[in-house]
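Note sheet for the following structure.
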């Protein structure tokens, strides 16, 4: 994950790029995850970066299909309003981000949080990245950093209400495993910046500090995500469906330490890829949510870790 956003801002201003998960300043957690700086200087730099990014995207037709509609900005991370393939318009809407972005701090290894009270707020963005509303959580439906790094909040509003009020649709989670070579975009609601690259491959085990994730997505080097991008949806450019959630990267070339995840293959061989970033796949999540978007960890096909 990423360091507090002050570090992310420093990296952005001095180096122009960063790595590993991103979080921002909500009692900015230290260690796993990179937090975003809420200072005016950071905002100014962010605006410049966003403008340049969007201008460049306009020159590349393949990058224009993915925009900010349905993404959200958290106090310390990015996220998105998501639906399952079978979700209905009157279901309570869900916001997806990283488990390391929880307002309560990082869940410990093996810890799974289910149906926890939360009134967290999210800034909803339109296609151009402008804030159009504040959405509020009714509860944290699910959150963990074990095997994956994901959190899903249930909102007080339905998809239909969001569509009626703001003309914004949720992003749909794909229920299929992504494929290496797939062109992807990562829209960060926190930074209002879109990263575009391809799926480079998959990592059987990704280890960072005390946490371990399975079957992680590795990006090609063009997706040099920075602090504040944690929780951003990873969108298949061909289908506009979400295939993963952005969460980490190796910043300093260290081996398996916080902010420096390492890859471990089936034979136990460790590989360190400095400057490369990763995401956690989401294709297994839809099987765990049923009628009315209710979480059911005992449902057939649900493989999310249980409490």
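Numbering (the numbering used here), first residue to last: 226 to 532. Yeah, the Cβ is synthetic: ideal placement off N, Cα and C, and Gly gets one too. What you are looking at is a predicted structure, and each value in this text was computed from that prediction instead of being measured.
Exposure label - residue i; buried when at least 16 CB within 10 Å
i	result
residue 325	buried
residue 399	buried
residue 426	exposed
residue 502	buried
residue 313	exposed
residue 598	Since the displayed the chain opens at 226 and closes at 532, residue 598 lies outside it and no answer follows.
residue 403	buried
residue 329	exposed
residue 585	Shown here, the chain extends from 226 to 532; a query on residue 585 therefore has no answer.
Contact with chain B by residue i, beta-carbon distance below 7 Å
i	result
residue 302	Of the protein chains in this structure there is only one, and it is not chain B.
Same chain, Cβ closer than 7 Å to residue i, five either side skipped, listed in chain order
i	result
residue 316	383, 384, 517 and 518
residue 372	438, 439 and 530
6 Å CB neighbourhood of residue i in its chain, flanking five on each side removed
i	result
residue 454	247, 303, 413 and 471
residue 358	349 and 391
residue 386	none
residue 298	348, 414 and 415
residue 528	509
Under 7 Å between C-beta atoms of residue i and residue j
i	j	result
residue 319	residue 379	yes
residue 507	residue 467	yes
residue 520	residue 531	no
residue 430	residue 489	yes
residue 323	residue 456	yes
residue 475	residue 498	yes
Candidates the options, of which the one nearest residue i by Cα
i	options	result
residue 409	458, 357 and 479	458
residue 321	330, 329, 309 and 332	309
residue 436	352, 332, 500 and 524	332
Beta-carbon proximity list for residue i, same chain, < 8 Å, skipping 5 on both sides
i	result
residue 311	511
task = Evaluate contact between the segment 366–374 and the segment 387–398, counting only Cβ atoms and requiring at least three cross-stretch pairs below 8 Å.
result = no
request  = Flag this pair as touching only if the segment 446–460 and the segment 475–485 have three or more C-beta atom pairs under 8 Å; answer yes or no.
outcome  = no
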